[in-house]
Amino acid sequence: MNEPKSGKPLSGCACMNMRRASRSITKIYDQALKASGLKSNQFSLLMAIKTNGPLNISALAKKQCLDRTTLVRNLKHLETNELIESTKTKDLRERQIIISKLGLQIFDKALPLWKTIQQEISDHIGTIPLQVFEQITISLESFSGTENK
Numbered sequence: 001m002n003e004p005k006s007g008k009p010l011s012g013c014a015c016m017n018m019r020r021a022s023r024s025i026t027k028i029y030d031q032a033l034k035a036s037g038l039k040s041n042q043f044s045l046l047m048a049i050k051t052n053g054p055l056n057i058s059a060l061a062k063k064q065c066l067d068r069t070t071l072v073r074n075l076k077h078l079e080t081n082e083l084i085e086s087t088k089t090k091d092l093r094e095r096q097i098i099i100s101k102l103g104l105q106i107f108d109k110a111l112p113l114w115k116t117i118q119q120e121i122s123d124h125i126g127t128i129p130l131q132v133f134e135q136i137t138i139s140l141e142s143f144s145g146t147e148n149k
């Protein structure tokens with residue numbers, strides 16, 4: 001088996017390698033965003049809500065490629081900390097999620113931290129490998145049926 005620079009053996013298992021990459025990148029982004037008080041998944045949700053405007057749970061779940069249950073669990077912390085608000089719609093069974101004033105302030109504090117780590121990751125890995133990784137992610141989402149529709 002080939003040995004990477006870290007000394008850990010490479011595995012031919014795509015699942016294990018993707019999980020390792022996921023844990024590593026999450027740790028890197030969580031550390032980078034720490035000063036803002038946000039975790040990487042919370043920042044991603046705030047970015048999606050800010051970018052796409054008010055969204056209902058189903059639309060946001062599709063955009064984030066998450067099931068509704070996971071999304072609701074992830075939104076709970078943001079709502080508890082008053083970073084997002086839930087508003088009623090004409091359809092009383094649905095609610096719209098919007099970013100609150102406090103959420104915008106926290107997001108604005110986190111954005112430069114995110115931009116910095118984005119650049120550091122790009123510098124470390126390279127632009128082309130990141131583009132390939134994005135294509136791999138899209139392909140795997142399609143293969144699994146969880147693609148962003």
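Residues 1 to 149, numbered by full-length UniProt numbering, are exactly what the sequence shown covers, in order. Using N, Cα and C, we set each Cβ at its ideal position, and we do this for glycine too. These numbers were taken from a predicted model, which means no experiment stands behind them.
Spatial neighbours of residue i in its chain, beta-carbon cut-off 8 Å, leaving aside the 5 residues before and after
i     : result
LEU46 : LEU38, LEU78, LEU83, ILE84, ILE99, GLY103, ILE106, PHE107, ALA110
LYS63 : ALA48, ASN52, LEU55, ASN148
THR89 : ASN56, ARG95, GLN96
CYS15 : none
GLN42 : ASN74, HIS77, LEU78, LEU83
6 Å CB neighbourhood of residue i in its chain, flanking five on each side removed
i     : result
GLU94 : ASN56
Coarse secondary structure for residue i, derived from DSSP in three states
i      : result
GLU134 : helix
LEU66  : coil
ASN56  : strand
Beta-bridge pairing of residue i - partner residues as DSSP gives them
i     : result
LEU71 : LEU71 is not bridged to any residue.
Buried or exposed (CB count within 10 angstroms, at least 16 for buried), residue i
i     : result
SER24 : exposed
ALA21 : exposed
SER40 : buried
LEU71 : buried
LEU92 : exposed
LEU33 : buried
Nearest-angstrom beta carbon gap, residue j and residue i [assumed within contact, 8 Å]
i      : j     : result
LEU113 : ALA61 : Not quite, the Cβ-Cβ distance comes to about 26 Å (not below 8 Å), so this is no contact.
THR146 : CYS65 : 5 Å
Proximal residues to residue i (C-beta, below 7 Å), its chain only, five neighbours per side dropped
i      : result
SER11  : ASN17
SER122 : LEU130
ARG68  : ILE57, SER58, ALA61
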